[in-house]
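For reference, the structure is listed below as structure tokens.
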Amino acid sequence: ELSERLSLISRYLPEETVFADIGSDHAYLPVSFCLEHPKTRAIAGEVNQGPFNSAQKVIEQYGMEERVTVRLGDGLEVLQKDEVSEVVIAGMGGPLIASILENGKEKLSGVHRLLLQPNVHSVVVRGWLEENGFFLVEEEIIEENGHIYEVLIADRYAEETLYSDENKETELWLGPLLMKRKNSSFIKKWERQLDNNRRIQRQLEQSSTPQMRKKQEIEKEIDILKEVLYSEN
Ligand code: SAM
2 ELSERLSLIS RYLPEETVFA DIGSDHAYLP VSFCLEHPKT RAIAGEVNQG
52 PFNSAQKVIE QYGMEERVTV RLGDGLEVLQ KDEVSEVVIA GMGGPLIASI
102 LENGKEKLSG VHRLLLQPNV HSVVVRGWLE ENGFFLVEEE IIEENGHIYE
152 VLIADRYAEE TLYSDENKET ELWLGPLLMK RKNSSFIKKW ERQLDNNRRI
202 QRQLEQSSTP QMRKKQEIEK EIDILKEVLY SEN
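Just so we're on the same page, full-length UniProt numbering is the position in the sequence shown counted from 1, plus 1.
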């Protein structure tokens, strides 16, 4: 049984395709998706031997050797050019996801869709997408086992950008769709951050060494979060 997080991601894959799952660990996502969709094939990438072996085991256990292949290597280097149409990268920090994309840019020319699930700092991923010609088309935020996860779907082609001119910086940080929809997971995540920032603000006020820049940054975040969380839109 696939976790809610991984099954949410796979909902954004086409039913008939060849896709990659980079940093696949046990290869649960590609194996499960290919079991459900007999015309689909997948490549699982793993940089570490342990997870690579686990992936191989799961693939064999489900008899999916014909359609799911695991390859040992760093990021997108395991892929040939134009081999896959979609790339999934899930369960890592935003900066690591962005660096995998950046280092493997030349492998992305034939890729139509990126399905990314940064555990933290999704702002870095949104920024990379903006700078590299991918359009954010859908975003999700869910809570599972006490963790809050964001899922970002980006396409090579899209009708229009989700970002506004006036508020782009905030939208890159909080997510243009997520901050509009403000579901309960979104509110929980950013109320936590707001509490955290208020605590840091109090500490900075009591500190003997003035840290003006840090204080201004924290206060700016507090203002934005209050505005987004508690305004009617
Ligand atoms: N994608 C799965 C998920 O979301 O449940 C597994 C996430 S697991 C926390 C992260 C995996 O990414 C680990 O198995 C790790 O070995 C792998 N990994 C980290 N950096 C990588 C890289 N540069 N290239 C390929 N795999 C990487």
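Ideal Cβ placement from N, Cα and C applies to all residues, glycine included.
According to the neighbour-count rule (16 or more other Cβ atoms, all chains shown, within 10 Å of its Cβ), is residue 74 buried or exposed?
-> exposed
Straight-line CA distance for residue 101 to residue 92?
-> 13 Å
Residue 70 - partner residues in DSSP beta bridges = 44
Can we count residue 91 as close to the ligand SAM, meaning its CB is less than 6 Å from some heavy atom?
-> yes
Which residue comes first and which comes last in the alpha helix (DSSP H) that contains residue 175?
-> 169 to 175
Of the residues 221, 12 and 94, which one's Cα is nearest the Cα of residue 170?
-> 221
Nearest residue (CA-CA) to residue 183, options 142, 6, 28 and 209 = 142
Can the beta-carbon of residue 173 be found closer than 7 Å to that of residue 111?
-> no
Proximity to residue 26 [Cα-Cα], best of 8, 12, 4 and 53 = 53
Specify the secondary structure class of residue 65 as computed by DSSP and reduced to three states.
-> coil
Status (buried if at least 16 other CB within 10 Å, exposed otherwise) for residue 70 | buried
Minimum length 4: unbroken alpha helix (DSSP H) runs contained in the segment 132 to 205 = 169 to 175 and 177 to 182
Exposed or buried, residue 65, counting other C-beta atoms within 10 Å across all chains shown (16 or more means buried)?
-> buried
Looking at C-beta atoms only, is the number of pairs between the segment 11 to 27 and the segment 77 to 97 that lie closer than 8 Å three or more?
-> yes
In its own chain, which residues sit with a C-beta less than 6 Å from the C-beta of residue 117, not counting the 5 before and 5 after it?
-> 90, 98, 126 and 153
Rounded straight-line distance, which links the Cα of residue 35 to that of residue 114 | 18 Å
Determine the contact status of residue 136 and residue 156, defining contact as a CB-CB distance below 7 Å.
-> yes
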